[in-house]
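Colleague:
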Amino acid sequence: MDKHLDGKKADTSFKALQDSRFVPLEVRNKCRELFNKYSSIELDLQMSQEVKAKHMVQWWEENLDLFSEIRLHREDFMNLVLESRLLLRNGVEELMALSHILNVPFIIVSGGISEIIEYNFQAIMHNGEIKNEHAKLCWENSRIFSNQFHYRDDIAYDYKKPVIHVLNKQDFIYDQATSFRRNVLVMGDFLEDVHMVKHSQHDIVLKIGYLNNLQRQGHMIEEFKNHYDLVILHDGSLQIVNYILTKVFQTGITDDLEELLKDVAGLKDLRQAMNF
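Be aware that the sequence shown starts at 41, since it is given in the numbering used here, and climbs by one per residue.
(1) Per DSSP, V97 forms a beta bridge with which residues?
(2) Is the stretch 92-101 touching the stretch 153-163 in the sense that three or more CB pairs, one from each, lie closer than 8 Å?
(3) Given a cut-off of 8 Å on the beta-carbon distance, is the pair V206 and E232 in contact?
(4) Can you find at least 3 beta carbon pairs, one from the stretch 248-264 and one from the stretch 76-90, that sit closer than 8 Å?
(5) Here's the rule: buried if 16 or more other CB atoms are within 10 angstroms of the residue's CB, otherwise exposed. What is H190?
(6) By DSSP's criteria, D198 is part of a beta bridge. Which residues make up the other side?
(7) Are the beta-carbon atoms belonging to S108 and S60 less than 8 Å from one another?
(8) Please report how far the alpha carbon of F289 lies from the alpha carbon of R192, in whole angstroms.
(9) Helix or strand or just coil, what does DSSP make of T218?
(10) My understanding is that K171 touches N187, with C-beta atoms under 8 Å, so please give their C-beta distance in whole angstroms.
(11) Relative to the alpha-carbon of L120, which residue among V271, N252, N282, F62 has its alpha-carbon at the smallest distance?
(12) Is there contact between the stretch 124-134 and the stretch 102-116, where contact requires at least three CB pairs shorter than 8 Å?
(13) Using the Cβ count rule (16 or more neighbours within 10 Å means buried), how would you classify G168?
(14) Helix, strand or coil for M236, going by three-state DSSP, please let me know.
(15) Measure the C-alpha to C-alpha separation of I272 and L246 and round it to an integer number of angstroms.
(16) Let me check understanding here. Comparing Cα to Cα, which of H235, H274, N266 lies closest to Q255?
(17) How far does the beta strand (DSSP E) with L128 in it reach, from first residue to last?
(18) Reducing DSSP to helix, strand and coil, say where H259 ends up.
(19) Would DSSP call L83 helix, strand or coil?
(20) Sort out for me which residues DSSP pairs L225 with in a bridge.
(21) Using the three-state DSSP reduction, which class does G292 fall into: helix, strand or coil?
(22) Tell me which residue opens and which closes the beta strand (DSSP E) that S53 is part of.
(23) Of the residues I204, D51, H235, which one's Cα is nearest the Cα of F264?
(24) Return no unless some Cβ of chain D is closer than 8 Å to the Cβ of A175.
(25) Quick one: what does DSSP say H267 is sitting in, helix, strand or coil?
As structure tokens, then:
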């Protein structure tokens with residue numbers, strides 16, 4: 041998810057739900073109190089991972105407990121997606137299209153809310169924001185690992201445990217490790233995201249980090265540079281990732297790439313850079 045576009049801060053899935061009309065003001069205020077309490081801990085470079093992880097579990101569970109008490113309907117999630125500021129990074133359509141053309145598995149691992157992530161992708165597929173057929177086919181075959189609610193008669197009354205937060209994403213894709221490719225590209229906007237595939241063996245792991253908010257995260261820039269192979273600042277697009285994929289896989293699939301570069305305006309710069 042992109043966090044800053046057109047000068048305004050974009051929503052995370054948690055914030056989209058928190059600020060929606062489906063959440064009472066009292067619950068909204070409690071969620072903000074939790075953010076004020078735990079967000080500085082999330083970015084603390086001095087705290088041990090073990091201690092920080094306990095705080096993150098508390099934060100996620102306290103937040104999801106509040107949301108579960110509201111008894112949200114499935115349709116509420118669809119409606120809040122349409123009313124929120126959930127924005128995807130520039131270049132996501134091209135990335136998904138390339139992934140399908142190149143037969144690269146597309147896996148989303150998020151500490152957010154699965155229902156909101158899924159409905160958001162469904163919405164942009166149906167409203168024409170994503171038109172490329174390769175991108176649509178990529179979405180149909182993608183996998184999401186994120187927090188989910190339990191339902192009874194389409195009413196959310198609880199959530200699945202353990203929760204997925206910023207420090208434990210690797211634990212939830214471990215069972216899928218045997219199906220991973222020898223080479224993996226990991227993208228993340230937290231330091232800990234580089235560890236998502238640490239439980240599996242790979243020949244090459246290319247790690248690309250997005251440091252979105254220098255005002256809050258500026259103290260982390262050196263750590264990002266130490267952990268990631270490439271660090272993209274502010275609201276950097278996904279086009280650099282698309283460029284890397286296109287350069288790596290261009291041999292033998294020029295026809296498919298040529299078609300994609302013709303159809304998707306967002307790859308015009310890549311087309312020129314590669315002299316297609």
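Backbone N, C-alpha and C fix where the C-beta goes; we use that ideal spot for every residue, glycine too.
Modeller: Once the coordinates are examined:
(1) As a position in the sequence shown, residue 97 is number 57, starting the count at 1. Paired residues: none, contrary to the question.
(2) no
(3) Locating residue 206 in the sequence shown gives position 166, where the first residue counts as 1. Locating residue 232 in the sequence shown gives position 192, where the first residue counts as 1. Result yes, Cβ atoms of V206 and E232 sit closer than 8 Å.
(4) yes
(5) Position 150 of the sequence shown, counted from the first residue, corresponds to residue 190. Label assigned to H190: exposed.
(6) As a position in the sequence shown, residue 198 is number 158, starting the count at 1. In the DSSP assignment, D198 is bridged to H190.
(7) Within the sequence shown, the letter at position 68 stands for residue 108. Within the sequence shown, the letter at position 20 stands for residue 60. Cβ atoms of S108 and S60: not closer than 8 Å.
(8) Here residue 289 refers to the residue found at position 249 when the sequence shown is read from its first residue. Here residue 192 refers to the residue found at position 152 when the sequence shown is read from its first residue. One C-alpha to the other measures close to 46 Å.
(9) On the sequence shown, position 178 is the one that residue 218 refers to. At T218 the pLDDT is 48, less than 50, meaning the model places this residue with poor confidence; the figure from the coordinates comes in the next sentence. DSSP places T218 in helix when its eight states are reduced to three.
(10) Here the question's residue 171 lines up with position 131 in the sequence shown. Here the question's residue 187 lines up with position 147 in the sequence shown. The pair is not a contact, with the Cβ atoms about 30 Å apart (cut-off 8 Å).
(11) By 1-based counting over the sequence shown, the position of residue 120 is 80. When each option's Cα is compared against that of L120, the closest is F62.
(12) no
(13) Along the sequence shown, one-based indexing puts residue 168 at 128. The residue is exposed, with fewer than 16 neighbouring Cβ atoms inside 10 Å.
(14) Counting from one through the sequence shown, the residue named residue 236 turns up at place 196. Residue state, collapsed to three classes: coil.
(15) By one-based count along the sequence shown, residue 272 stands at place 232. By one-based count along the sequence shown, residue 246 stands at place 206. If you take the alpha carbons of I272 and L246, they lie about 14 Å apart.
(16) Counting from one through the sequence shown, the residue named residue 255 turns up at place 215. Checked all of H235, H274, N266; the closest Cα to Q255 is H274.
(17) Locating residue 128 in the sequence shown gives position 88, where the first residue counts as 1. Note, L128: premise wrong, no beta strand (DSSP E); not H, not E.
(18) Numbered from 1 along the sequence shown, position 219 holds the residue referred to as residue 259. Three-state DSSP puts H259 in a helix.
(19) On the sequence shown, position 43 is the one that residue 83 refers to. It is coil, neither helix nor strand.
(20) Here residue 225 refers to the residue found at position 185 of the sequence shown. Paired residue(s): L246.
(21) The sequence position of residue 292 within the sequence shown is 252, counting from 1. Any reading at G292 needs caution, since the residue's pLDDT is 49, under 50, leaving its predicted position unreliable; the model's value is listed next. G292 falls in the coil class under three-state DSSP.
(22) As a working note, residue 53 is residue 13 in the sequence shown. Not the beta strand (DSSP E): S53 falls in the alpha helix (DSSP H), residues 53-58.
(23) Against the sequence shown, residue 264 aligns to sequence position 224. Cα-wise, what sits closest to F264 is H235.
(24) Among the protein chains of the structure shown there is no chain D, as only one such chain exists.
(25) In the sequence shown, counting from the first residue as 1, residue 267 sits at position 227. It is helical.
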